[in-house]
Amino acid sequence: MSGGYGSGGGYGTWDRGDETRRLPEPDQQYGPAQQYGDQSYAPEYEPPRAPKPSVDAGRLWAAGVATAIVAALIAMVGTLVVRAVLRIAFNGPASSGALGDSRTVLLCILSAVAALAATGLAHLLLLSTPRPMTYLTWIVGLVTVVAALLPLLGSAPIGERVANAVIHLVIGLVISSLVAGAGASARRMR
């Protein structure tokens, strides 16, 4: 039994130069894409990433400009209703006409600027925060509450203060809803 197990020259011996029984080197890797004699390997598996949000800035800012126009018109219509229908001397003395004086123009401009500022905030939040429209709604809502309460603290007649507060409230609600809707429609996943 000279060729038996463990005695050399037979089955189970390592002395024949049989390469099939060699263990691979520690730095050698075997993968499904390895070709015979070729050292190219398939790229490592990368798990799918969560889609990143992107913003259609043109669409968002076009809606922001439209919102600015709507906000300015609400300020003008609000002044017109308060002065012509309710006969309250809001934004100027009664002798200055149905649209009041330069304070009406200032209110219209500030309303448009507020809409553009809300659009800028929406753009920033869309690029940087989770649930951006929730944050936008809260921020614009709280600013609207402050803008509506400030006129009530003044010393003007109560009718003017209430009219001013209501106009500020309506402008803020419109800006909040329009910009939040524009932000939601301008958000894309890629």
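Residue numbers in the sequence shown follow my numbering, run continuously in steps of one, and reach 472 at the last position.
Positions of the beta carbon are idealized from the N, C-alpha and C atoms, including for glycine.
- Beta-carbon to beta-carbon, Ala429 and Gly454 are separated by about 6 angstroms, close enough to satisfy the 8 angstroms threshold.
- Using a 10 angstroms sphere on the CB of Leu368, the tally of other CB atoms stays under 16, which defines it as exposed.
- Three or more beta-carbon pairs separated by less than 8 angstroms are not found between the segment 409-429 and the segment 351-370, which leaves the two stretches without contact.
- Counting only the Cα atoms, Asn446 lies some 9 angstroms from Asn373.
- Under the three-pair Cβ rule at 8 angstroms, the segment 447-467 counts as touching the segment 390-397.
- Here Val427 is exposed: its Cβ has fewer than 16 other Cβ atoms, across all protein chains shown, within 10 Å.
- For Ala462 and Trp343, the gap between their C-alpha atoms comes out near 12 angstroms.
- The beta carbon of Val352 lies closer than 8 angstroms to those of Ala397, Val456 and Leu460 in the same chain, with the five residues before and after it left out.
- At a Cβ-Cβ threshold of 8 angstroms, Leu418 and Gly346 do not count as neighbours.
- Between the alpha carbons of Leu392 and Val337 lies a gap of roughly 26 angstroms.
- Per the coordinates, the alpha-carbon of Leu432 lies some 33 angstroms from the alpha-carbon of Ala468.
- Across the set Ser377, Arg443, His405 and Leu451, the C-alpha of Leu451 shows the shortest separation from the C-alpha of Gly423.
- According to DSSP, Val337 shares a beta bridge with Arg469.
- Excluding the 5 residues flanking it on each side, Ile421 has same chain C-beta neighbours closer than 8 angstroms at Leu403, in chain order.
- Only exposed fits Arg331, as fewer than 16 other CB atoms lie within 10 angstroms of its CB.
- The C-beta distance from Ala376 to Ala366 rounds to 11 angstroms, too long to fall under 8 angstroms, and the pair is not in contact.
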